[in-house]
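Have a look at the structure below, then the notes.
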Amino acid sequence: MSGSTYGQLFQISTWGESHGEATGVVIDGCPAGLPLSARDIQPFLDRRRPGVSPAVSSRQEADQVQILSGVFNGYTTGTPISLLIPNTDTRPEEYEQMKHCFRPGHADFSFQQKYGIRDHRGGGRSSGRETAARVAAGAVASLLLKEFGISITAFTRALGPIHLPEGEEDFAFLPRSPVSLPHEGLSSKALLLLQENRKKKDSCGGVVECHVRGLMAGLGQPVFQKLDALLSHAILSIGGIKGIEFGLGFAASSLLGSQYNDCFFADNGRIHKSSNHGGGILGGISDGDLLLFRAAVKPTPSIGLPQDTVTQTGENTVLSISGRHDPSIVPRVVSVVEAMTALTLADLLLLHASSRLDALKKIYNASFQDSF
């Protein structure tokens with residue numbers, strides 16, 4: 047299957063299915079000398095993994111990552127980094143009823159039409175389980191970005207009808223929220239909503255917002271490799287994401303130019319903006335301000351209510367999905383959004399090093415001085 051590789055210089059290739067033996071990723075292009083161990087990657091996976099709260103699937107996966115190559119004595123060597131995450135709580139028998147019919151809202155039908163064969167055990171490659179490998183790779187990218195003072199924070203902006211108003215975020219509470227919502231009161235309400243949806247055998251969607259701080263001006267390429275275009279590609283590749291907007295996003299369509307434009311001013315020899323309606327991007331290139339975008343997440347398609355569908359032979363039938371499913375994937379998508387953002391920015395950071403002759407000369411001269 048093509049389409050499992052992402053990135054140009056900082057490149058990843060993920061593999062594995064929902065109920066296979068394992069899932070994993072190979073990272074090619076990570077610079078040598080980055081401090082790295084399984085302990086560094088594990089906290090990122092722990093935020094994504096199931097079975098940790100009533101808000102997510104009860105599937106019990108430890109998601110203990112193993113580093114198979116590319117690291118020696120605690121540092122990356124510049125060679126491919128291979129990461130493996132065993133699947134330890136698979137129950138393929140729970141999917142027998144889906145063997146001969148298509149689940150509404152899932153990729154069963156489209157995979158069958160494209161390949162003529164599909165893994166019915168939780169969707170195989172199209173399962174959210176695949177994102178564990180992305181998060182592991184994203185952890186490495188995040189650690190690389192940290193070396194440059196770049197930090198990424200994603201969180202739940204909305205869950206079903208519950209919306210966190212702008213300016214009321216309590217980011218100190220975010221690590222304690224079971225739904226990745228930085229507001230204690232709304233977090234409790236959101237958790238109750240998910241528990242109610244689970245009882246009703248239904249699900250809900252929401253909105254994930256992402257902030258990137260410490261980003262330099264200049265990342266992104268003109269025309270086809272714009273920063274917002276590449277981030278859109280990355281985020282929309284996540285299963286369940288149905289839309290993305292930067293800064294004011296769609297709200298900008300109802301404004302006048304005089305209302306929307308981020309005006310410049312100089313202060314103590316530095317250039318600033320009076321607002322950030324563009325979300326930190328101008329002409330597809332980062333402007334050094336806060337990078338901000340939001341992603342719309344659809345309701346989890348696996349629900350226990352009866353739904354009309356058809357069998358592979360074209361017969362009408364009714365399907366009620368049982369098993370261990372998320373009442374909303376929003377809380378767990380948060381870490382995946384961070385991972386794909388980190389992978390995109392790490393790739394662009396390496397590409398940026400070759401965008402100017404003077405910068406390239408500095409790199410070359412520094413390396414030349416270290417030569418014999």
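Using this note's numbering, read the sequence shown as starting at 47 and increasing by one per residue.
Every residue gets a Cβ at the ideal spot worked out from N, C-alpha and C, and that includes glycine.
Asked, Found
"In the structure shown, what three-state DSSP assignment does Ala179 receive?", "helix"
"How big is the Cα-Cα spacing for Ser278 and Phe292?", "9 Å"
"Roughly how many angstroms separate the alpha carbons of Pro377 and Lys235, rounded to a whole number?", "14 Å"
"Just to confirm my understanding: we take Ser173, look at its own chain, exclude 5 residues before and 5 after, and list those with CB closer than 6 Å. What are they?", "Ser64"
"Using the Cβ count rule (16 or more neighbours within 10 Å means buried), how would you classify Ala405?", "exposed"
"So, with DSSP's three-state summary, where would you put Asp313?", "strand"
"Tell me whether Gln112 sits in a helix, a strand or coil according to DSSP, three-state version.", "strand"
"Could you work out which residue in Gly213, Glu212, Pro211, Leu237 is closest to Ser223 when comparing CA atoms only?", "Leu237"
"Is any heavy atom in the ligand GDP found nearer than 7 Å to the beta carbon of Arg180?", "Absence of the ligand GDP from the depicted structure is noted, as is the absence of any ligand whatsoever, leaving it without description."
"Taking DSSP as the reference, what is the three-state secondary structure of Gln353?", "strand"
"Residues in its own chain within less than 8 Å of Ala183 by CB, not counting five upstream and five downstream?", "Ile58, Thr60, Val71, Ile73, Leu129, Ala385, Leu389"
"Would you list the one or two residues that DSSP bridges to Phe201?", "Glu255"
"Between the segment 280–297 and the segment 340–347, are three or more C-beta pairs nearer than 8 Å?", "yes"
"Please state whether DSSP places Met47 in a helix, a strand or coil.", "The pLDDT assigned to Met47 is 49, lower than 50, so where the model puts this residue is not dependable, and the model offers no usable value."
"For the alpha helix (DSSP H) containing Gln158, name the first residue and the last one.", "154–161"
"Residues in the same chain with beta-carbon distance under 6 Å from Ala280, minus the five sequence neighbours each way, listed in chain order, please.", "Met386, Thr390"
"Got a sec, what are the start and stop residues for the beta strand (DSSP E) Ile58 sits in?", "57–62"
"Could you have a look at Asp216 and say whether DSSP puts it in helix, strand or coil?", "coil"
"Check for me: the alpha helix (DSSP H) holding Arg340 runs from which residue to which?", "No alpha helix (DSSP H) contains Arg340, which is instead part of the beta strand (DSSP E) from 337–343."
"Could you give the first and the last residue of the continuous beta strand (DSSP E) run that contains Phe292?", "287–292"
"Taking Cβ to Cβ, would you say Val225 is nearer than 8 Å to Thr202?", "yes"
"Would you mind working out which of Phe90, Glu142, Leu82 sits nearest Asn119, comparing C-alpha positions?", "Leu82"
"Given that a residue counts as buried once 16 or more other Cβ atoms are within 10 Å of its Cβ, and exposed if not, what is Ser48?", "exposed"
"Please classify Ile409 as buried or exposed, where buried requires at least 16 other C-beta atoms within 10 Å of its C-beta.", "exposed"
"Below 6 Å CB to CB, which residues in the same chain sit around Leu276 once its five sequence neighbours on both sides are set aside?", "Thr390"
"Can you tell me whether Leu276 is helix, strand or coil according to DSSP?", "helix"
"Between the Cα of Leu338 and those of Ser197, Gln54, Thr357, Asp92, spot the shortest distance and give me the residue it belongs to.", "Ser197"
"Determine the closest residue to Gly116 out of Gln110, Ala108, Pro126, with distance taken between C-alpha atoms.", "Pro126"
"Is the segment 347–358 touching the segment 149–158 in the sense that three or more CB pairs, one from each, lie closer than 8 Å?", "yes"
"Alpha carbon to alpha carbon, how far is Asp86 from Ile113? Give it in angstroms, no decimals.", "11 Å"
"Tell me the DSSP secondary structure of Leu265 in three-state form.", "coil"
"In its own chain, which residues sit with a C-beta less than 7 Å from the C-beta of Gly170, not counting the 5 before and 5 after it?", "Glu63, Ser64, Arg164"
"Using only CA atoms, which one of Leu227, Arg259, Cys147, Gly75 lies nearest to Ser332?", "Arg259"
"Confirm, please, whether the CB-CB distance from Ser381 to Arg94 is below 8 Å.", "yes"
"With DSSP as the reference, identify every bridge partner of Pro132, one or two as the case may be.", "Ala68"
"Between which two residues does the alpha helix (DSSP H) holding Thr346 run?", "From DSSP, Thr346 is part of no alpha helix (DSSP H); its letter is neither H nor E."
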